[in-house]
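J.: Residue numbers (the working numbering): 4 to 218.
We put the CB at the ideal spot given by N, CA and C, even for glycine.
Just so you know, these numbers come straight off a predicted model, no measurement behind them.
1) Taking buried to mean at least 16 other C-beta atoms within 10 Å of its own C-beta, is residue 189 buried or exposed?
2) Considering only residues of the same chain and omitting the five flanking positions on each side of residue 19, which have a CB-CB separation below 6 Å?
3) Measure the beta-carbon distance from residue 212 to residue 158 and round it to whole angstroms, keeping in mind my assumption that it falls under 8 Å.
4) Taking all protein chains shown into account, do 16 or more other C-beta atoms lie within 10 angstroms of the C-beta of residue 34, making it buried, or fewer, making it exposed?
5) CB-CB under 7 Å to residue 43, same chain, minus the five flanking residues each way: which ones, in chain order?
6) Mind checking whether the beta-carbon of residue 108 lies closer than 6 Å to any heavy atom of the ligand MN?
7) For the candidate residues 94, 65, 74, whose alpha-carbon lies nearest to that of residue 83?
8) Indicate whether residue 165 and residue 191 have their beta-carbon atoms separated by less than 7 Å.
9) Less than 8 Å between C-beta atoms, sequence neighbours within five positions excluded: which residues of the same chain meet that for residue 196?
10) DSSP three-state label for residue 113, please.
11) What residue does the beta strand (DSSP E) around residue 123 start on, and which one ends it?
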């Protein structure tokens with residue numbers, strides 16, 4: 004049953020990625036977007052709110068299928084991690100299939116608009132997706148794990164650090180009151196902070212699972 008559910012949830016995520024990438028292809032064609040950093044428009048019109056709603060709907064759909072697939076909370080969370088990671092990876096695979104973009108995994112992309120515009124090189128969310136898929140698989144297959152209070156704090160801090168690397172430019176506009184969120188463009192990605200947070204999260208995840216399952 005687990006393998007069947009894994010297949011179906013994965014298939015759903017791949018299909019969702021196709022739908023998501025198709026919408027992006029249409030939007031790029033409609034707005035004449037060739038260079039994402041140069042041509043993207045964040046003006047707060049009705050279409051921006053529709054786009055934010057679409058992003059929220061995507062997360063809700065992935066969460067809903069995960070809640071249905073999982074028989075207990077670790078499984079539900081595992082399916083969400085797994086489906087989110089697969090969806091994210093296949094989103095870029097479908098985009099490349101359709102319009103040969105991104106040309107490089109270091110190319111910048113707008114990742115989300117909730118709660119602020121996220122920017123980052125494509126490889127960054129892909130690396131996170133690999134971790135999510137791995138943890139999701141372990142949770143779904145009932146690998147034992149033990150998380151103490153310190154590790155929960157570490158996970159929380161690393162998540163905040165990762166989010167900051169993506170929203171750094173937007174956060175600076177909010178804090179300083181200078182600039183315009185609708186005109187914001189990425190400057191430089193904080194690779195040092197991202198890699199520190201990423202490595203710590205991977206090591207902590209290993210520490211949470213490995214001691215409980217080694218023979």
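T.: Taking the definition as stated:
1) buried
2) 90
3) Not quite, the Cβ-Cβ distance comes to about 13 Å (not below 8 Å), so this is no contact.
4) exposed
5) 36, 113
6) The ligand content of the structure shown is nil, which means the ligand MN is not present either.
7) 65
8) no
9) 164, 167, 168
10) strand
11) 122 to 124
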